[in-house]
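Which chain is which? The protein sequence lines are A and B, in order.
Sequence positions in the first sequence follow numbering that gives the first Met the number 0 and run 0 to 681.
Sequence positions in the second sequence follow numbering that gives the first Met the number 0 and run 0 to 681.
Think of the CB as a built atom: it goes at the ideal place given N, C-alpha and C, for glycine as much as any other residue.
A short worksheet on the structure shown next.
Protein chains: 2
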Amino acid sequence: MAPRQKMDINQQTATDMKAARSRTSISVQTVRNYLYGGQEVWDLHERLEKILVQESLFDKQHRDFLGRTDQFIRAAAIINRLDELRRMHNWSEEEYTTASTLLSETISTTLHDRAFQPVFLGQGSPALMESYWDLVHEKGIQGCYLQTELGHGTNVASLETTSTYIPETQEFEINSPSLTSTKWWVGALGKSATHGAVQAKLILPDGKDMGPHLFLVQLRSLEDHKPLRGITVGDIGPKASGGMAAQDQGFARFDHVRVPRTNMFSKFAEVTTEGSYIQPPHAKLSYGGMMYIRATMIPGAGWTIAKAATVAIRYTTVRRQGEPDAKGLERQVLTYPSTYYRLLPILSRAFVFIELGRYTIKALTQMQQRLASRDTSLLPEMHALLCGLKVFVTTHGIIDIETARRSMGGHGYSAFAGLGRLYIEYLPSATFEGDNFVLDGQVVRAATKLCKAVLSSALVVSKLPLPSAYLRLLSTTGEAPPQVTASTWHDVQSVVLLLEWRAALMVKNFTQTPANGDVDASVNQRLAKAVTEAFIAAQVGEMINNLANLPSEDAKAVGCLYKLYLLTCAESALVDLLSVGLIRHTGAGDPTQDLRSAVKALCIEVLPNAIGLTDAFGFSDWSLDSALGVFDGRVYEALWQRVQMEPMNKDEVTPAYAPYIRPLLQRGQAAAQQKMKLDSKL
Amino acid sequence: MAPRQKMDINQQTATDMKAARSRTSISVQTVRNYLYGGQEVWDLHERLEKILVQESLFDKQHRDFLGRTDQFIRAAAIINRLDELRRMHNWSEEEYTTASTLLSETISTTLHDRAFQPVFLGQGSPALMESYWDLVHEKGIQGCYLQTELGHGTNVASLETTSTYIPETQEFEINSPSLTSTKWWVGALGKSATHGAVQAKLILPDGKDMGPHLFLVQLRSLEDHKPLRGITVGDIGPKASGGMAAQDQGFARFDHVRVPRTNMFSKFAEVTTEGSYIQPPHAKLSYGGMMYIRATMIPGAGWTIAKAATVAIRYTTVRRQGEPDAKGLERQVLTYPSTYYRLLPILSRAFVFIELGRYTIKALTQMQQRLASRDTSLLPEMHALLCGLKVFVTTHGIIDIETARRSMGGHGYSAFAGLGRLYIEYLPSATFEGDNFVLDGQVVRAATKLCKAVLSSALVVSKLPLPSAYLRLLSTTGEAPPQVTASTWHDVQSVVLLLEWRAALMVKNFTQTPANGDVDASVNQRLAKAVTEAFIAAQVGEMINNLANLPSEDAKAVGCLYKLYLLTCAESALVDLLSVGLIRHTGAGDPTQDLRSAVKALCIEVLPNAIGLTDAFGFSDWSLDSALGVFDGRVYEALWQRVQMEPMNKDEVTPAYAPYIRPLLQRGQAAAQQKMKLDSKL
């Protein structure tokens with residue numbers, strides 16, 4: 000073998016990144032403004048990040064070296080500093096929310112802002128608001144939301160904590176009657192919160208159980224932060240793989256703790272001084288909060304996936320492996336089909352979920368305006384849609400982060416790659432705000448109900464709510480399913496229609512199964528996915544239409560991504576498409592080949608813009624906190640620099656040497672000498 | 000709502016677990032001996048675990064509270080103690096290996112035992128063995144294996160580290176010519192190892208580059224453990240989500256470090272004193288080591304999945320959620336179709352992989368015996384098979400652990416559930432010992448080659464090596480593909496045959512694609528999966544036949560599991576089965592329904608034995624280290640006890656209060672007062 004031409008692989012990384020940027024056909028700025036929803040939103044983002052980056056406390060590079068307690072203390076310091084900055088710069092609500100999101104840190108006040116505060120706004124009586132709102136809003140108290148118990152999660156009806164009304168003193172007595180009634184998993188409860196909104200079964204003086212209601216309970220003293228009498232409270236310990244280490248999820252037990260009658264969150268249901276219960280006008284009026292949280296999870300998933308896509312696409316652009324070419328250059332890892340086939344669909348989902356979030360939050364706002372005037376007609380459909388979307392985006396979010404991490408090979412397993420942290424912090428989203436496998440059932444229930452109405456002509460298809468528009472296809476007067484040909488995959492509307500047909504036929508088949516019929520064990524998961532994908536596909540069709548507002552090169556590049564989303568969605572739906580007969584094996588080769596080839600062709604079309612499209616997310620190196628995702632591509636230098644910070648490297652000889660390693664080696668050396676002696680004697 | 004009957008949910012857990020045990024129809028002991036490969040293997044296991052459990056140092060319950068440095072120091076202490084025990088009890092190789100596996104701890108000597116030592120045995124010259132073997136074997140020195148560099152992993156040919164022969168002094172000069180040539184990811188290198196087997200390009204005195212060879216290099220002094228001159232060495236920092244925290248993966252750079260000529264591992268290729276190169280007789284003779292590691296990964300995956308299955312099946316047996324029945328009991332989570340459909344196939348894979356491991360290691364031993372007599376005929380087929388199996392079992396292992404964790408809902412995200420740690424430590428197996436996506440390509444290459452030979456009749460099908468027996472179906476004189484009916488799914492041999500046909504047809508289609516033809520981006524992944532699954536299916540068919548040796552109830556229960564494996568494998572292969580036309584949509588309903596219903600029916604058949612079958616793995620509570628997987632089912636008590644150990648709970652008031660939380664609250668209280676004053680003025 001002749002000596003190979005010298006090649007500085009490290010220098011080459013920067014060259015590769017520059018070349019990739021020069022290849023892009025889009026205006027990064029235009030696409031960025033599109034993603035952010037306007038230049039002014041980006042400007043706000045940039046202005047706030049400039050402030051945050053200057054704070055040495057907000058530096059992320061040393062997080063990975065901290066134990067859990069130190070991570071918690073750092074988070075408390077960050078919360079305090081963020082509050083100082085808010086006051087110093089006189090931030091608006093929007094500015095404060097943007098800044099906390101930008102921080103990308105697990106901090107316990109998120110629960111205060113997004114769970115505790117909304118309970119006051121949504122369900123606080125005027126009297127309660129009068130006494131507490133300013134304190135809540137100014138964080139003069141810190142709140143948490145106590146729902147889940149050791150024995151029960153999703154099934155709120157089975158919670159065991161009681162709140163018994165005592166008419167004599169006009170108080171509620173909060174009590175934990177058993178070990179399993181211990182409140183558990185409550186964010187910010189462990190070591191931070193002073194107050195909590197406690198879900199407890201309301202027991203009337205006559206012993207009647209009115210089911211779960213919310214009560215404000217002070218947990219810790221405002222003088223010295225000690226837990227109040229009758230309250231046992233603490234942290235529930237570390238999470239899987241060090242997830243959310245900085246968060247103090249807590250437990251709490253109440254031993255006959257009294258709170259005034261006015262501490263019930265009683266905007267919709269209340270207990271009179273005598274102990275009579277006044278019915279809520281509509282039980283579902285309080286659903287808005289949970290639905291809003293689920294809706295924000297859609298763009299949340301989009302931006303999370305965007306981070307993973309950015310890191311992995313940048314790294315695989317500069318990482319080279321394989322047979323060297325004439326110039327001595329190995330192949331860029333991203334150009335291998337097995338790599339781009341994994342990463343570009345992830346990129347497409349990031350774009351789709353970000354846009355989809357905008358649509359959903361708008362639709363939800365409309366619904367909430369109607370709710371405010373006590374019109375609940377949009378509620379069931381919106382509830383089912385949000386269940387389906389929540390399941391869909393979180394399931395993908397988790398897989399996509401891990402797929403991106405794994406595409407980076409060995410270095411992807413380094414904490415410095417940044418995706419391990421992203422994954423483990425995002426992971427519980429499959430379980431919180433409703434376990435995904437439970438929510439699937441709700442999607443199916445709603446779809447079946449509407450489907451039956453359509454099939455029995457009880458519902459005219461023109462009256463179908465938008466998210467269930469796919470059911471129009473089941474109308475007796477409607478069209479027949481389309482014929483799939485190679486050209487189907489090149490026409491957006493055909494693909495959308497096919498995905499709608501797939502959902503319609505699957506739901507129809509299921510609806511028509513006799514009550515004792517053969518329903519398999521994964522049917523809810525498959526149906527919920529089909530229904531949700533039909534809805535999203537139609538939305539993506541809209542998104543593609545709306546791209547007309549962008550300059551043509553940008554519209555083309557983003558349009559390609561959206562098409563890639565649709566095609567990979569269809570590819571993952573192939574079993575269904577074949578099962579319901581929308582695609583058939585006719586004997587002329589593999590009927591899935593056209594689709595698979597179209598996916599590959601689209602990937603190849605997206606590839607030159609991959610770096611430009613990830614740049615459009617506008618992530619700074621500070622924000623990504625990844626040695627492999629650095630903007631300039633100099634990944635090896637970045638890894639090397641990070642490694643020098645490792646605390647174990649401060650000692651030339653590890654403290655484990657004297658007590659443990661030396662004795663081990665010395666015993667081994669003595670035993671070897673002994674053997675050699677024996678050998679020489681033989 | 001009438002007050003519900005009081006039910007002690009905590010007491011109920013133990014009742015549920017007892018009831019589940021009484022329902023099982025198997026002899027746990029018989030199935031356990033089957034899994035372990037005999038009563039005497041189990042006895043060894045039990046005898047050794049009794050010794051290990053007594054060591055307070057080996058207690059696992061406090062691991063989750065330790066920072067990384069402390070985890071490393073604990074691991075060093077464990078290594079030292081394990082060595083003391085080995086000498087104290089005069090353990091054989093088998094006993095020592097069993098004990099280290101039983102420990103279930105990430106310890107750096109694993110690399111010494113499984114990578115460093117085998118290099119000596121496989122490639123050490125007699126002279127090197129003479130000087131070093133006793134020291135190596137007695138751990139008088141601690142070794143590591145330096146292959147991966149910062150810039151290169153899988154592609155060994157591109158490694159940059161050089162070893163230049165200097166005839167004047169009869170030495171090799173090891174050198175790291177660039178940043179990217181820094182050795183990286185090397186287990187035990189960071190802070191432990193004294194010596195390393197270094198992969199470096201051998202450069203002859205005439206400048207000729209002979210490609211990568213192995214050299215023994217001392218890294219640290221045996222006097223004081225300080226790095227030797229010319230060697231920069233350290234730890235590469237934390238891993239994703241705190242994975243393998245106790246392991247000191249390290250980096251090393253060599254600045255013209257000299258070692259004697261005899262330090263080359265030169266059993267197969269050597270450099271003479273003058274600097275001439277003597278060719279290896281067969282380059283592949285040294286492949287045995289890597290293949291053995293891959294083979295052990297098969298049962299390794301089985302036992303890892305077994306742990307996850309045990310924890311999740313135990314927890315979902317005692318966890319109850321949903322509408323209470325007449326007795327006030329909610330439904331056991333495991334009895335929900337969406338739960339057992341996820342968990343029982345995992346259980347089936349644990350059994351299959353454990354058995355499959357036994358077969359593979361046996362086949363490999365046969366091959367190695369032939370290799371010893373320089374017969375390499377079995378090597379290519381065995382290499383491809385092991386690539387495919389490695390990909391298959393690790394890919395499943397990772398998904399299965401996470402599926403099991405997620406089936407446990409919220410508590411599954413607690414570190415005390417134990418599966419977070421299991422997952423993150425197992426995760427890199429998708430990447431090490433050959434990146435799964437790279438290995439897929441090797442499987443396809445081998446399959447295509449054999450397929451072409453069969454199609455061109457260059458190879459008589461009776462001569463097909465066993466792992467590729469499925470290709471016999473392509474013989475021109477062979478049978479036609481079978482008709483699939485509902486009864487197909489009730490006949491083991493029919494399912495096996497179908498999975499073989501699927502692989503055969505897919506490989507054939509691919510082989511016949513013209514050189515410039517339309518190959519999609521995921522084809523390697525799909526083909527490798529189909530080929531590997533065909534092989535495993537045939538093996539599982541054999542396993543079912545061999546069950547005749549067990550008592551009938553045990554054979555029936557294990558047989559059910561094996562059938563479940565085959566059916567869920569077919570279910571996951573549905574796209575392929577439909578694409579190649581083995582299953583067709585005939586217009587008479589969903590052609591996949593029979594299979595899906597058969598899967599559900601089998602799950603229901605397995606269900607009453609689920610706890611018995613997991614008990615048969617013989618895991619102790621110490622070994623599982625999971626509050627949710629405790630043998631007696633008292634999961635809530637176990638969680639409660641663990642939480643009391645959380646270090647953050649030692650302080651009634653967190654140290655974060657005075658510096659950070661108090662100022663935050665006080666600022667908020669002052670601002671709220673200010674507002675109230677303003678309000679009262681208005």
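Measuring only between beta-carbons, confirm whether Pro590/A sits less than 8 Å from chain B. As a working mapping, residue 590/A is identified with position 591 in the first sequence. Closer than 8 Å to some Cβ of chain B, the Cβ of Pro590/A qualifies, so yes.
Inter-residue Cα distance where the pair is Gln4/B and Pro323/B: Taking the first residue of the second sequence as 1, we reach residue 4/B at position 5. Taking the first residue of the second sequence as 1, we reach residue 323/B at position 324. Note that Gln4/B has pLDDT 49, beneath the 50 cutoff, so the model's placement of it is unreliable and the number below is only indicative. Cα to Cα, Gln4/B sits roughly 10 Å from Pro323/B.
For Gly241/B, tell me which candidate among His88/A, Ile423/A and Leu215/A has the shortest Cα-Cα distance. Along the second sequence, one-based indexing puts residue 241/B at 242. Answer by Cα proximity: Ile423/A.
Within the same chain, show all residues whose beta-carbon is closer than 7 Å to that of Leu713/B, passing over the 5 residues directly before and after it, in chain order. What the structure shows of chain B is the stretch from 0 to 681, and residue 713/B is not part of that stretch, so it cannot be assessed.
First and last residue of the uninterrupted alpha helix (DSSP H) at Phe436/B: Locating residue 436/B in the second sequence gives position 437, counting from the first residue. From DSSP, the alpha helix (DSSP H) with Phe436/B extends over Asn435 to Leu454.
Judging by CA-CA distance, which residue of Gln665/B, Gly206/B and Pro237/B is the nearest neighbour of Gln60/A? As a working mapping, residue 60/A is identified with position 61 in the first sequence. Closest option to Gln60/A, Cα to Cα, is Pro237/B.
Under 8 Å, Cβ to Cβ, is there at least one residue of chain B near Asp63/A? One-based indexing of the first sequence puts residue 63/A at position 64. In terms of beta-carbon proximity, Asp63/A lines the interface with chain B, with at least one pair separated by less than 8 Å.
Reducing DSSP to helix, strand and coil, say where Val522/B ends up. Walking along the second sequence from the start, residue 522/B turns up at place 523. Three-state DSSP puts Val522/B in a helix.
Roughly how many angstroms separate the alpha carbons of Ala446/A and Arg471/B, rounded to a whole number? Within the first sequence, numbered from 1, the residue matching residue 446/A stands at position 447. Within the second sequence, numbered from 1, the residue matching residue 471/B stands at position 472. Note on geometry: alpha-carbon atoms of Ala446/A and Arg471/B lie some 47 Å from one another.
Can you give me the C-alpha to C-alpha distance between Ala684/A and Ala349/A, rounded to a whole angstrom? Residue 684/A falls outside the range modelled here, since chain A spans only 0 to 681, and no answer is possible.
Are there 16 or more other CB atoms within 10 angstroms of the CB of Ala457/B, so buried, or fewer, so exposed? In the second sequence, counting from the first residue as 1, residue 457/B sits at position 458. Ala457/B is exposed by the Cβ-count criterion.
Can the beta-carbon of Thr613/A be found less than 8 Å from the beta-carbon of Ile312/A? Taking the first residue of the first sequence as position 1, residue 613/A is located at position 614. Taking the first residue of the first sequence as position 1, residue 312/A is located at position 313. In this structure, Ile312/A lies closer than 8 Å to Thr613/A by Cβ.
Rounded separation between Ser406/A and Ser162/B - CA only: The count along the first sequence starts at 1 and reaches residue 406/A at position 407. The count along the second sequence starts at 1 and reaches residue 162/B at position 163. One C-alpha to the other measures close to 31 Å.
May I ask you to verify whether the region 178-189 of chain B touches the region 219-229 of chain B, counting CB pairs closer than 8 Å and requiring at least 3? no
9 Å Cβ cut-off: residues of chain B touching Met647/A: Residue mapping note: residue 647/A aligns to position 648 of the first sequence, counting from 1. The answer, in chain order, is Arg67, Thr68, Phe71, Gly189, Lys190, Gly233, Asp234, Gly236 and Asp247.
Residues sharing a beta bridge with Asp208/A, DSSP: Position 209 of the first sequence, counting from 1, holds the residue named residue 208/A. BP columns for Asp208/A point to Ile202/A.
Assuming Gly411/B and Leu418/B form a contact by the criterion Cβ under 8 Å, report the distance between their Cβ atoms to the nearest whole angstrom. Indexing the second sequence from 1 puts residue 411/B at position 412. Indexing the second sequence from 1 puts residue 418/B at position 419. The Cβ separation is near 7 Å, so the contact holds.
What does Ala126/A touch in chain B if you count any residue whose Cβ is under 8 Å from its own? For the purposes of this step, residue 126/A is taken as residue 127 along the first sequence, with counting starting at 1. Residues of chain B passing the Cβ test: none, with the nearest at roughly 15 Å.
Could you tell me which chain B residues have their CB closer than 7 Å to the CB of Trp639/A, listed as they occur along the chain? For this step, residue 639/A is matched to residue 640 along the first sequence. In chain order: Leu178.
When you compare each of Thr585/A, Lys49/A, Glu532/A and Thr375/A to Asp575/A by their alpha carbons, which one comes out closest? Along the first sequence, one-based indexing puts residue 575/A at 576. Ranking the options by Cα distance to Asp575/A, first place goes to Glu532/A.
Under 8 Å between C-beta atoms, does Pro2/B make it to chain A? Here the question's residue 2/B lines up with position 3 in the second sequence. Unreliable positioning characterises Pro2/B in this predicted model, as indicated by a pLDDT of 42, which lies under 50. A coordinate reading is not provided.
Along chain D, in chain order, which residues have C-beta atoms closer than 7 Å to that of Glu604/B? The chain labelled as chain D is not found among the protein chains of the depicted structure, namely A and B.
N-terminal and C-terminal residue of the beta strand (DSSP E) that Leu612/A is part of: On the first sequence, residue 612/A is found 613 positions in, with the first residue counted as 1. Premise fails: Leu612/A lies in the alpha helix (DSSP H), Ala609 to Asp614, not in any beta strand (DSSP E).
Per DSSP, which residues does Lys238/A bridge with? Please list them. Position 239 of the first sequence holds residue 238/A. Looking at the DSSP assignment, Lys238/A forms a beta bridge with Ser413/B.
Hey, quick one: how far does the alpha helix (DSSP H) through Leu560/A stretch, first residue to last? As a working mapping, residue 560/A is identified with position 561 in the first sequence. DSSP places Leu560/A inside the alpha helix (DSSP H), whose first and last residues are Ser551 to Ser571.
Do we get a CB-CB distance below 8 Å when we pair Ala609/B with the residues of chain A? As a working mapping, residue 609/B is identified with position 610 in the second sequence. Ala609/B does not count as touching chain A.
Between which two residues does the beta strand (DSSP E) carrying Tyr656/A extend? Your numbering for residue 656/A matches position 657 in the first sequence. No beta strand (DSSP E) holds Tyr656/A; DSSP gives it neither H nor E.
Tell me whether Asn435/B is buried or exposed, calling it buried when 16 or more other Cβ atoms sit within 10 Å of its Cβ. For the purposes of this step, residue 435/B is identified with residue 436 of the second sequence, where counting begins at 1. Buried, because 16 or more other Cβ atoms sit within 10 Å of the Cβ of Asn435/B.
Just list the alpha helix (DSSP H) runs in the region 18-78 of chain A, keeping only unbroken ones of 4 residues or longer that don't cross its boundaries, in chain order. 27-35 and 38-52
Just to check my reading of the structure: Val317/B and Thr12/B have Cβ atoms closer than 8 Å, yes? What is that Cβ distance to the nearest angstrom? Looking up residue 317/B in the second sequence gives position 318. Looking up residue 12/B in the second sequence gives position 13. Val317/B to Thr12/B, Cβ: 4 Å. Contact.
Run of the beta strand (DSSP E) containing Gly249/A, from where it starts to where it stops: Position 250 of the first sequence holds residue 249/A. It spans Gly249 to Phe253 - the beta strand (DSSP E) in which Gly249/A sits, taken as one unbroken run.
Which residues mark the beginning and the end of the beta strand (DSSP E) in which Leu145/B is found? Taking the first residue of the second sequence as 1, we reach residue 145/B at position 146. Gly142 to Leu145 is the span of the beta strand (DSSP E), which, as asked, contains Leu145/B.
Measure the C-alpha to C-alpha separation of Leu497/A and Gly588/A and round it to an integer number of angstroms. In the first sequence, counting from the first residue as 1, residue 497/A sits at position 498. In the first sequence, counting from the first residue as 1, residue 588/A sits at position 589. Going by the C-alpha atoms only, they are around 21 Å apart.
Taking the Cβ atom as the reference point for each residue, do Val310/B and Ala251/B lie within a distance shorter than 8 Å? Counted from its first residue, the second sequence places residue 310/B at position 311. Counted from its first residue, the second sequence places residue 251/B at position 252. Going by C-beta atoms, Val310/B is not nearer than 8 Å to Ala251/B.
Contact between the region 203-218 of chain A and the region 266-279 of chain A: three or more CB pairs below 8 Å? yes
Go ahead and pull the three-state DSSP assignment for Met243/A. Residue numbering aside, residue 243/A sits at position 244 when the first sequence is read from its first letter. It is coil, neither helix nor strand.
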